[in-house]
Structures are given as C-alpha cells and as structure tokens.
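Residue numbers (UniProt numbering): 1 to 134.
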C-alpha cells in the first residue's frame with residue numbers, strides 16, 4: 001500500500017502495490033504521474049527500500065525526489081497523519097490483499113471528503129479542484 005499526499009490541498013491517494021519492492025513502488029509512482037499529467041512536481045519520501053529506483057522516477061517523470069532525514073517523520077507530517085487515519089480502516093497486521101477495490105475507493109473518498117482545520121474547514125478535494133483551476 002502506498003499513500004501519496006498533495007502538499008497544498010492534503011488530497012490523499014492510497015494505491016495498492018503489487019509487492020513491497022522498489023519495482024512496485026516505481027510502477028505506482030509512474031501511474032500516478034501519468035494520471036496527474038505533468039502536475040507532479042516533487043516527491044518527499046523516506047529512506048525505505050521501496051524508493052531504491054528513485055532515479056528512474058526522476059528520469060521518466062521529470063519529478064524531483066527528495067529524501068526526508070532518517071528518523072524524522074515530522075518532515076513528512078501530512079503523510080504520517082494520513083497513514084494514522086488510514087490505520088482506523090486497515091489495522092496493522094491485516095492482510096492488505098483482503099481489502100476489496102471498492103473498500104479502497106471508500107477509504108480514499110473518506111480521506112478526501114473530511115473537512116480539515118488546516119484547510120479552514122474545507123475538504124481536500126475542494127481545495128485540490130480549486131487549485132487545478134488556477
């Protein structure tokens with residue numbers, strides 16, 4: 001499972017990975033970049049093995065990949081927060097394979113339709129769509 005959080009709107013995209021390796025993560029990022037049609041500018045990631053192919057991502061998408069400092073989850077605070085909310089739906093230890101595509105869509109919808117204080121009580125999807133227009 002991969003969680004992507006857009007910085008300005010806090011729009012969250014939870015994607016199912018085919019494995020826990022760098023090839024699976026690279027595939028997920030390339031799919032996301034394709035869906036966003038050139039709007040993906042940067043990624044800030046941790047030092048996990050799944051980002052070993054970061055140069056492929058940079059080369060194929062033109063997206064700059066930044067690495068957070070080791071043991072500094074606060075540098076990816078929005079992502080960590082969204083992962084914590086995600087744990088309400090998918091507890092640690094639950095097999096992700098058991099999660100249906102429909103349930104994954106529901107989780108994405110919930111995360112993006114919740115008003116957030118940091119967005120002045122607007123939802124991530126509202127802010128994301130507003131930013132797309134400008």
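Ideal Cβ positions, reconstructed from N, Cα and C, are used throughout, including at glycine.
These numbers come from a predicted model, not from an experiment.
- [ ] Starting from the Cα of residue 56, find the closest Cα among 30, 95, 42 and 40 and give me that residue.
- [x] 30
TODO: Rank 8, 3 and 1 by C-alpha distance to the C-alpha of residue 118 and give the top, closest one.
DONE: 8
- [ ] Enumerate in chain order the residues of its own chain whose CB-to-CB distance from residue 66 is below 8 Å, with the five nearest sequence positions on each side excluded.
- [x] 42, 43, 44 and 45
TODO: In angstroms with no decimal places, state the Cα-to-Cα distance between residue 129 and residue 90.
DONE: 27 Å
Task: Proximity winner among 18, 39 and 48, relative to residue 71 (alpha-carbon distances) - done: 48
Task: Close-in-space but distant-in-sequence residues of the same chain around residue 69 (CB under 7 Å, 5 per side omitted) - done: Contacts found: 75.
- [ ] Would you mind listing the beta strand (DSSP E) stretches within the region 39-65 that are 3+ residues and don't spill past its ends, in chain order?
- [x] 42-45
Open item on the list: Taking contact to mean 3 or more Cβ pairs, one atom from each stretch, closer than 8 Å, check whether the region 26-40 and the region 104-111 are in contact.
Closed with: The answer is no - the region 104-111 does not touch the region 26-40, with fewer than three Cβ pairs under 8 Å.
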